[in-house]
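Below is one structure, written out as structure tokens; comments come after it.
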Amino acid sequence: MRWITLIFVACSASCYADIPEYKFNRYDIGSHIDVRVNSISDISLPLSILDNAKIAGIDGLVVIFKDKTAFSVETLSAKDLGYPELDMTLWPVFMLGHHVEGNFSPEFIEDVKRARKVLVDANKPYKTGSFKTTAGTCYLLIGKNKSSIYLTDNSNKDIITLITTLGMDESRIQKYLLQGVN
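Structure (structure tokens):
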């Protein structure tokens with residue numbers, strides 16, 4: 000079993016001041032459906048976007064729109080990553096390419112580098128950022144054709160939520176998904 004010791008007992012937003020704040024205009028999304036995707040994340044989806052959409056529950060949630068763009072929602076756990084002691088609220092920070100102080104094993108650092116390379120190669124992000132949610136932080140890697148959105152909960156260090164979009168531009172991500180993240 001891999002073991003990792005984290006020096007971080009508590010971490011404030013100031014620890015990651017170099018991650019730019021992601022700003023967008025919030026508005027009431029109107030008629031919507033609230034989806035509880037796991038024990039830490041609720042997402043409100045506007046009913047208007049679900050017209051002729053296909054929804055499947057395959058190890059998470061998958062929504063495919065009539066224009067074949069899509070998003071999926073899954074839960075990532077420290078145990079699934081092979082590091083059960085890992086504070087998962089740090090994982091998005093690593094994926095955004097930011098240094099986190101701690102006593103991490105060389106094996107873990109190499110795994111993080113490989114995971115980040117795969118993510119960056121797939122997303123080709125042109126914008127990264129974060130914003131505070133009611134329970135934690137939302138981290139984003141926005142690419143032209145693929146984007147990744149991580150949701151953390153400060154009271155649960157064991158899991159995070161990953162939303163992956165395909166074919167959705169930034170304005171649709173804001174309108175369809177980010178408006179419904181609280």
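The opening position of the sequence shown corresponds to residue 0 in numbering that gives the first Met the number 0, with each subsequent residue numbered one higher.
For each residue, glycine too, the CB sits at the ideal point set by N, CA and C.
What do you get for Leu46, buried or exposed, if any count of 16 or more other CB atoms within 10 angstroms of its CB means buried?
exposed
Tyr21: which of Gly29, Ser146 and Phe130 sits nearest, CA to CA?
Phe130
Of the choices Pro19, Asp33, Ile18 and Asp17, whose alpha-carbon is the least far from that of Asn181?
Asp33
To the nearest angstrom, how far is it from the Cα of Gly128 to the Cα of Ser154?
21 Å
Chain-order list of residues whose beta-carbon lies under 6 Å from that of Pro83 (same chain, five-residue window excluded)
Ala77
Grab the span of the alpha helix (DSSP H) containing Glu106 for me, first residue to last.
Pro105 to Asn122
Quick check on this structure: which residue in Tyr125, Ile148, Ile159 and Asn102 has the alpha carbon closest to the alpha carbon of Tyr175?
Ile148
If you reduce the DSSP assignment to three classes, tell me which class Gly179 lands in.
helix
Compare the Cα-Cα distances from Ile172 to each of Thr160, Leu140, Ile159 and Gly96 and report the closest residue.
Leu140
Identify whether Lys143 lies in helix, strand or coil by the three-state DSSP scheme.
coil
Hey, could you find the ends of the beta strand (DSSP E) Asp186 is sitting in?
The structure shown has nothing for residue 186, since the chain only spans 0 to 181.
Below 8 Å, can you find three or more Cβ-Cβ pairs linking the segment 34-44 to the segment 61-81?
yes
For the alpha helix (DSSP H) that Lys78 lies in, which residues bound it at each end?
Ala77 to Leu80
In terms of alpha-carbon separation, which member of Ser170, Asp157 and Ile159 lies closest to Gly142?
Ser170
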